[in-house]
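Protein chains in written order, with the numbering used here: chain W, 33 to 76; chain E, 38 to 482.
Input: a single structure, listed below in structure tokens.
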């Protein structure tokens, strides 16, 4: 989406495609933060 | 419609509502409520009962412009031609029973529930005209401010005035008419969308129609932009201008009424000239109001579990590449149910909807993707959270475990995110796969 609307975002953001935001589990988000991510955006 | 009623193998349920839909493509189960007409199917629409009925209601088909009897046919060409009784107006005098030669009137008739099994569903719920709120551009405050649909009925040969153009306050022929475009559409506080140029084209058509019958009537159109996009439309617009209809690019600032004559004074500024604010007087004003989703679509959307777009119309599979299908296989959209469009486009979409379903139902088999939720029976604690959270009603609890219907399931994964026992997995999108992705991305840091 950000790409198609030509929105600028930092190169340090790494998208992971998921079927549906409903599928995101707390454990996945916590894993990312635990491994050193500064934050997690759930967008959909 | 008449052809459809006569065709064999085609069942028509008019004056009916859907109550419930379950199942999936090829095997939908539909519950239909056939509302009581209080007149049985023996009626041949002769109309003898209308003449004797002493009770009156407003004729909804004519936008409430004229009265009708409490026993009536919805409109002249209604299919099937069977009378119905408006029980809110009926006084149960029984005069109609006395004159009915076919003994068709049945005051004890009850709503009937019909259960059907169908393979697919086309949603063609159409639209309603946006009703401006009281006071907006004088609507409902001043009798001579009417909407486009009311004008349509006034101009119709089978309408309340049998085609004679009159204004509501005194029944006289108006000498000066103003059409106002984009009422309730292209408006950030009302409908933000443009109704696909339909209101522009209706106005152009009606101005031409009035001009043909009464060349002496002075017609102005207050518009933002005339959206005459489409085959022959621009030419039609040009023809209307050549006939002497004056188009004023403006936003109407104020309308007020002369209480004695019921004429309307309008203050507006032509933004294509430097003449400034000016006051004009008109005998009648026609508001060209937006197309909005038909009343009751929320209920149908809930029953069919269809999503709606921001504007309230049903959401298609893809707005550009597939505006016909919905996200639910076997349910397709036709016409304005999907978004504002003209008659020609609605017909095209209706045909496309039929062929989309013919392609699916022509085969005996339906292929599904295997991205589906699966339940580990040993881990499942039968808490029922998944059943509660499934947006597609694809999960059912049994005494053993939760059971996923592989056809209804769309593989969204809401169930597994909610499962406290981690008993559900999504094929091809398992937790360890995502974990690996997260790990790989964060290794770079």
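Note that the Cβ used here is the ideal one computed from N, Cα and C, for glycine as well.
Short CB-CB distance (under 8 Å) between residue i and chain E
i	result
residue 57 of chain W	yes
residue 45 of chain W	no
residue 76 of chain W	no
residue 69 of chain W	yes
residue 48 of chain W	yes
residue 54 of chain W	yes
residue 64 of chain W	yes
Alpha-carbon to alpha-carbon, residue j and residue i
i	j	result
residue 440 of chain E	residue 417 of chain E	10 Å
residue 363 of chain E	residue 377 of chain E	17 Å
residue 243 of chain E	residue 70 of chain E	38 Å
residue 50 of chain W	residue 229 of chain E	31 Å
residue 245 of chain E	residue 267 of chain E	18 Å
residue 63 of chain E	residue 165 of chain E	31 Å
residue 42 of chain E	residue 117 of chain E	7 Å
residue 442 of chain E	residue 158 of chain E	20 Å
residue 36 of chain W	residue 464 of chain E	29 Å
residue 156 of chain E	residue 339 of chain E	19 Å
residue 352 of chain E	residue 317 of chain E	43 Å
residue 173 of chain E	residue 203 of chain E	22 Å
residue 34 of chain W	residue 475 of chain E	20 Å
residue 385 of chain E	residue 40 of chain E	19 Å
residue 85 of chain E	residue 131 of chain E	13 Å
residue 94 of chain E	residue 331 of chain E	22 Å
residue 257 of chain E	residue 247 of chain E	12 Å
residue 301 of chain E	residue 217 of chain E	13 Å
residue 208 of chain E	residue 177 of chain E	17 Å
residue 410 of chain E	residue 41 of chain W	34 Å
residue 315 of chain E	residue 188 of chain E	26 Å
residue 383 of chain E	residue 460 of chain E	46 Å
residue 197 of chain E	residue 103 of chain E	6 Å
residue 185 of chain E	residue 468 of chain E	57 Å
residue 312 of chain E	residue 259 of chain E	16 Å
residue 120 of chain E	residue 99 of chain E	17 Å
residue 430 of chain E	residue 296 of chain E	59 Å
As assigned by DSSP and simplified to three states, the class of residue i
i	result
residue 260 of chain E	strand
residue 94 of chain E	strand
residue 476 of chain E	helix
residue 291 of chain E	strand
residue 62 of chain W	helix
residue 52 of chain W	coil
residue 437 of chain E	coil
residue 382 of chain E	helix
residue 219 of chain E	strand
residue 54 of chain E	strand
residue 495 of chain E	Past the boundaries of the shown model lies residue 495 of chain E; chain E is included only from 38 to 482, so the question cannot be answered.
residue 455 of chain E	helix
residue 330 of chain E	strand
residue 354 of chain E	coil
residue 273 of chain E	helix
residue 76 of chain E	strand
residue 243 of chain E	helix
residue 87 of chain E	helix
residue 70 of chain E	strand
residue 177 of chain E	coil
residue 339 of chain E	helix
residue 471 of chain E	helix
Contact check, residue i vs residue j, beta carbons under 8 Å
i	j	result
residue 303 of chain E	residue 289 of chain E	yes
residue 326 of chain E	residue 220 of chain E	yes
residue 480 of chain E	residue 63 of chain W	no
residue 163 of chain E	residue 373 of chain E	yes
residue 74 of chain E	residue 146 of chain E	yes
residue 284 of chain E	residue 278 of chain E	yes
residue 406 of chain E	residue 448 of chain E	yes
residue 122 of chain E	residue 141 of chain E	no
residue 87 of chain E	residue 109 of chain E	yes
residue 458 of chain E	residue 55 of chain W	no
residue 371 of chain E	residue 161 of chain E	yes
Cutoff 8 Å: residue i Cβ touching any chain W Cβ
i	result
residue 344 of chain E	no
residue 476 of chain E	yes
residue 272 of chain E	no
residue 460 of chain E	no
residue 403 of chain E	no
residue 449 of chain E	yes
residue 335 of chain E	no
residue 443 of chain E	no
residue 454 of chain E	yes
residue 173 of chain E	no
residue 358 of chain E	no
Short CB-CB distance (under 8 Å) between residue i and chain A
i	result
residue 407 of chain E	Looking for chain A here will not work: the only protein chains present are W and E.
Q) What residues from the region 418–440 of chain E come within 8 Å of chain W, judged by C-beta to C-beta, listed N to C? A) 426 and 428
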